[in-house]
Every structure is written in structure tokens, then in C-alpha cells.
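S.K.: Residue numbers for the sequence shown, in the working numbering: 3 to 169. A single structure is presented below for examination.
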Amino acid sequence: MNNPNAFPSDRIVTGSLVYTLSGSGAERAVLLLKRNKMPHQGLWSPPGGKLEMGEAPEECATREIREETGLTVLGLTLRGIITVYDRAWPIHWLLFIYRAAVEALYPPLLDCHEGELRWIPLRDLAQYPRPYADAQYFPRVLDDTPLFQSKFVYDTPATLVGEWHYG
């Protein structure tokens, strides 16, 4: 009865997500992952993952981006903290949202067991389906306004029932 795609339920999970940017101007792109498993299977979101015991959120962000992409990022900056509660699982995520950059233009990526990695030009981002919450806070990841906090509550991964934004 061990399902590798099963997800733990009735608990709080803490993790980090890293929006990695490359290029500038019209060539500016963000690295996203088309997830191959739930939650958000088939949607594009940033690489990231769960904190390991004794790990700080920034350490988690650095480790996850290296493990999933093979990249070493520069200027890791905490941009926000979000909570996502999905009643269908039920699981409550506490996520630290980071922005980072890479030195080279669109450096090559590892094959990722989590899904397909791709550098997506910001001008084309609307063509890629993303989790609702990600699309709402992403503009704040790019700007230099103060740290943001948001909360999203879902009945199912596709049915948002509430959202709140602070700061």
C-alpha cells in the first residue's frame, strides 16, 4: 500500500521555493518545473522542496535548487512567506519564497526526477499554466518592495476558496 505519489496528510509541511532568473530585458527568463506528480501535477512552478531536519529555509533553498537543477545560484533573496492549505489532502504548507539569479545566460540543467525544467521568457509566462497562488504572488517576487506574506485556502488543488495578502 506504499504509493510513491501519496502525500502525507494532516500535518504542516515547511519548505522553500526558488524563482531563478537569467538574462535581462527581453531575454529575461525564469526557471520553472512542470510537475509530474501531485500536488499541481502538469502545472509549472519553481523548483523547491521540504526542509530537512535542522535545516534553515535558505539552506533548503540552496540545496533544493542544486539537487533539482544542478545550478549554483547567486544573490538568494527572501521575497515572501506564504501559507497554502488544501482541504482535499489535508495539508498545510508554510513556504519561504526566494528569488535568485545565475551568472550565465540560460545555463544547462539536469534531468529532474520531479518533472520537466525549462527557462521560460517572462514575456511568454502567461502561456504556461501555473498554480493559482503562484501567479498571484509572482509579481512581488520580481520587484524590490518589502517582504510579502500571503495565505491561500483550497477545497481541491483547483478550487480556491480564500486568499489573503499581508504587507
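From the three backbone atoms N, C-alpha and C, an ideal C-beta is built for every residue, glycine too.
#1: Tell me where the alpha helix (DSSP H) around Y134 begins and ends.
#2: Can you list, in chain order, the residues of its chain whose CB lies under 7 Å from that of R132, leaving out five sequence neighbours each side?
#3: Just the Cα atoms here: how many angstroms apart are P59 and G117?
#4: Alpha carbon to alpha carbon, what distance is there between R120 and L112?
#5: Using a beta-carbon distance below 8 Å, is W46 in contact with chain C?
#6: The beta strand (DSSP E) with R89 in it runs from where to where?
#7: Work out the CA separation of D145 and Y130 for me, nearest whole Å.
#8: Alpha carbon to alpha carbon, how far is Y100 from F150?
#9: From this set, I84, G50, G56, which residue's C-alpha is nearest E70's C-alpha?
#10: Measure the alpha-carbon distance for L124 versus R30 and round it to whole angstroms.
#11: Grab the span of the alpha helix (DSSP H) containing R68 for me, first residue to last.
#12: Measure the C-alpha to C-alpha separation of S152 and A106 and round it to an integer number of angstroms.
#13: Compute the Euclidean distance between the alpha carbons of S18 and V163, then round it to the nearest angstrom.
M.R.: By the coordinates alone:
#1: 134-144
#2: L45, W46, S47
#3: 22 Å
#4: In a straight line, the C-alpha of L112 is about 11 Å away from that of R120.
#5: The structure shown contains no chain C, having only a single protein chain.
#6: No beta strand (DSSP E) contains R89, which DSSP labels as neither H nor E.
#7: 21 Å
#8: 11 Å
#9: G50
#10: The straight-line gap from Cα to Cα measures roughly 6 Å.
#11: 59-71
#12: 32 Å
#13: 24 Å
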